[in-house]
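Just so you know, the sequences run in chain order C and X.
With positions in the first sequence counted from 1, the corresponding number in this note's numbering is that position plus 2.
With positions in the second sequence counted from 1, the corresponding number in this note's numbering is that position plus 845.
Beta carbons: idealized from backbone N, C-alpha and C, even for Gly.
One structure below.
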Amino acid sequence: MSKAVPLPVTRLIEALSRLPGIGPKSASRLTYYLLRAPDELSHTLAEALSELKSQTRYCSVCYNITEEDPCAICADTQRDSTQVVVVEEPLDVLAVERTGAFQGRYHVLHGALSPVEGIGPEDLKIGELVRRVQQGGILEIIIATNPGVEGDATAMYLQRQLTPLGVKVTRLARGLPTGGDLEYVDSVTLLRALQGRHEM
Amino acid sequence: MPKAERVFRTEAIVLRRQDIGEADRLLLLLTPDHGKFRAVAHGTRKPAARKTGHVELFTLVDMLIRRRGEWYVVAQAETKNAFLLLREDLVRNTYANHLAELLDRFTSDQDSSRAEFDLLARALGWLCEDLDPRTAARYYEIRLLALAGFAPSLHYCSVGQEPLEPQDQFFSVADGGVICPDHYFEQAHGMPISLTALKVLRHMQTQPWDAIKALHINTPLHLELERLTLAYITYLLEQRLQSVEFLRRLRREEL
Ligand SMILES: [Zn+2]
Ligand SMILES: [Zn+2]
C-alpha cells in the first residue's frame, strides 16, 4: 500500500480483509466509513471486539462459545445428558435450539474434516468428544454435520471413532429440502430421500 | 468502461470450495477448455437453492458460467456424476481429496488442460470401482506426473543413462527415476525398488486402466509403490513450492 496512507489506516484495512467474505475493496470502504463516522461508533466497535475474546471462552464440556463455563445448556440439569447432538459450528446449536424439539446436549466440533484444505481430526474437537463419551453417561450421539462431502466425511470418521465405545451413533435424516422443486434436486439428495422414505 | 460479460457452458469438477459471504460458496473448478479458475456459487449454502447439491466437491457438473473480467459466477449447475461411493466410504473419500489436491498443486491456473481434466474425471470413477483404491491412486499419480512433465525414468538409469538390467534397482527422487546399483553405490542416495514394483510402474506408465486393474497387487507391493510415488511427489512439490516462494519474493521486491 502507498506511503501516502497513514499506518493506522493500513493496519485496519489489512485486518478487515482477513475476514471471510471481505476483500481489500470492502475493507477500504469500511475503514474510510469509520474515519468519517462519529467517534462513538469506533469506540463501541473497539470495545465489543476486545470483549469478544476476553469475555468469552469455550465451554469445557461442549466447546460452544460461552460467557460462563460450563455453558447454560451444559449447566441445565433439566436437560437430558444421555443424548448429544454433534454440530460443526456454534450457530448450528442455535438452529437446533430454534426447533424446540431437542432436550439433550451438544458438542461443537468447530469445523469439518477436509483433507484437501489440510483440516484433519486434530484441528477439530473430536478427541474431546471421544473423551466425553469415554467418561460415560452418554447413550446416543446424534451427528448433525452439514450434508455435503466434508460433513459426510466427518460423520463417517466420528462413527468409526465412537461406535467401538459402545455408544449408539445416529445421523440426522437427509431428505428433500422444503421449498425446492424435485426436478432441481441433485441425485445424491434424491437417493438419500428415497432411502429415508417413510410410510404415510 | 464496463467489461463485456461472457457466458459459456462447460463441464467442471469442483476441486476445492470455501464459504464466503452470507450463504455463498467460492469454488475452485477444473474444466476441459477453460483451465482452472475460481467461481462464486451464490446461495448454495441454503438447502433449498437450486444449485445446492450440484456444486459438491469431487463431482462432475455441467455448468453455465458467467464471466466478467476476472470474475466467474456459476449461473446454472447440474450434476453429471456424483461419484456416490465417495460419499459413503471414508477411505475412498480421502483418496478423492488426495487426487484433487495433487491436481491443484501440479497445475497452475492457465496450464491445466483437457488431459488433466479427463484424467481426474476418470480417476474419480476408478475410485468408485470395487477394487483397492490404492491401485487407482497410484495409476493416477503416475499419469499426472507424466502430464506435468515429471514422468519418472523407468527404463534407463537416471544417472548414467544406460539400459537397466532386469534386477532390483534403486529409485532416486533427486535424479527423477530409477538408478542402477552401480551408480547407487557411487553416490549413495536413493531407495530400493524391487523388480516387481518397477514392472508395475512401467505398466502404469503405458497401459490403459483396464489392464492395470486386472493386476494382482498384494499389500507389501502396495506399500512399496505408495512409498516410492509419495516420496517422489513430496520431493517435487517441495522443490516447486520453493521456486514459487522465490518468485513471490522477487515480485515483492520489484514493487
Ligand atoms: Zn457447554
Ligand atoms: Zn547407472
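Check	Outcome
Near ligand 2, which residues have their beta-carbon closer than 6 Å to a heavy atom?	X:C1002, X:V1004, X:G1005, X:E1007, X:I1024, X:C1025, X:D1027, X:H1028
Hey, would you say the C-beta of V63 (chain C) is under 6 Å away from at least one heavy atom of ligand 1?	yes
Strictly under 7 Å for the Cβ-Cβ distance: is P8 (chain C) near chain X by that measure?	no
Can you give me the C-alpha to C-alpha distance between Y917 (chain X) and M158 (chain C), rounded to a whole angstrom?	33 Å
Would you say the beta carbon of N926 (chain X) comes nearer than 6 Å to a heavy atom of ligand 1?	no
Starting from the Cα of Y65 (chain C), find the closest Cα among C:T12, C:T79, C:R133 and give me that residue.	C:R133
Which of the residues in the segment 151 to 163 of chain C, read from start to end, lie with their CB under 8 Å from any CB of chain X?	V151, E152, D154, A155, M158, Y159, R162
Quick check: is any heavy atom of ligand 1 less than 6 Å from the C-beta of P72 (chain C)?	yes
Counting Cβ pairs closer than 8 Å, one from the segment 893 to 901 of chain X and one from the segment 111 to 128 of chain C, do we hit at least three?	no
Please decide whether T12 (chain C) counts as near chain X, where near means a Cβ-Cβ distance under 7 Å.	no
Report the neighbours of G888 (chain X) on chain C: residues whose CB is nearer than 8 Å to its CB, in chain order.	Within 8 Å Cβ-Cβ: nothing; G888 (chain X) doesn't reach chain C, min ~12 Å.
So is F962 (chain X) buried or exposed if we call it buried at 16+ other beta carbons inside 10 Å?	buried
According to a CB-to-CB cut-off of less than 8 Å, which residues of the segment 168 to 202 of chain C neighbour chain X?	P179, T180, G181, G182, D183, Y186, V187, D188, S189, V190, T191, L193
Taking only heavy atoms of ligand 1 into account, decide whether any of them is closer than 6 Å to the Cβ of N942 (chain X).	no
State yes or no: is the C-beta of N66 (chain C) nearer than 6 Å to some heavy atom of ligand 1?	yes
So what does H109 (chain C) bridge to, in DSSP terms?	C:V88
Identify whether M846 (chain X) lies in helix, strand or coil by the three-state DSSP scheme.	With a pLDDT of 48 at M846 (chain X), under the threshold of 50, the modelled position of that residue is not reliable, and the figure given next carries that caveat. Coil, per DSSP.
If you follow the beta strand (DSSP E) that S1017 (chain X) is in, where does it begin and where does it stop?	1014 to 1017
What number of angstroms, rounded off, separates the C-alpha of Q197 (chain C) from the C-alpha of A175 (chain C)?	10 Å
Mind listing the chain X neighbours of G23 (chain C)? Cutoff is C-beta to C-beta under 7 Å, in chain order.	I865, G866
Determine, for M846 (chain X), whether the minimum Cβ-Cβ distance to residues of chain C falls below 7 Å.	Interpretation of M846 (chain X) is limited by its pLDDT of 48, a score under 50 that renders its predicted location unreliable; the figure taken from the coordinates is listed afterwards. Judged by the 7 Å Cβ criterion, M846 (chain X) is not in contact with chain C.
Which residues share a DSSP beta bridge with K170 (chain C)?	C:E142
So who's on the other strand from I24 (chain C), going by DSSP bridges?	Partner(s): none; I24 (chain C) has no beta bridge.
Under 6 Å: does the beta carbon of C973 (chain X) sit that close to some heavy atom of ligand 1?	no
Using the rule of at least 16 other Cβ atoms within 10 Å of the residue's Cβ for burial, across every protein chain shown, is L21 (chain C) buried or exposed?	exposed
Pull up the distance between the alpha-carbon of L164 (chain C) and that of E42 (chain C), whole angstroms please.	50 Å
Would you report the Cα separation of G1022 (chain X) and A1033 (chain X), rounded to the nearest angstrom?	14 Å
Mind checking if V88 (chain C) is an interface residue toward chain X, Cβ cutoff 7 Å exclusive?	no
Alpha carbon to alpha carbon, how far is A114 (chain C) from F882 (chain X)? Give it in angstroms, no decimals.	24 Å
So which residues on chain C does T939 (chain X) lean against when the C-beta distance must stay under 7 Å?	P117
Could you check whether Y984 (chain X) and I1057 (chain X) sit closer than 7 Å to each other, using their CB atoms as the reference points?	yes
Cα separation between G994 (chain X) and R988 (chain X)?	10 Å
For V187 (chain C), which residues of its own chain have a beta-carbon under 7 Å away from its beta-carbon, when the five flanking residues on both sides are left out?	L178
Kindly list, in the order they appear in chain C, the residues whose Cβ is closer than 9 Å to that of N1063 (chain X).	Those within 9 Å of N1063 (chain X) in chain C number zero; the least Cβ separation is about 25 Å.
Would you call the segment 4 to 17 of chain C and the segment 28 to 42 of chain C in contact, with 3 or more CB pairs under 8 Å?	yes
Please confirm whether L935 (chain X) has its beta-carbon closer than 7 Å to some beta-carbon of chain C.	yes
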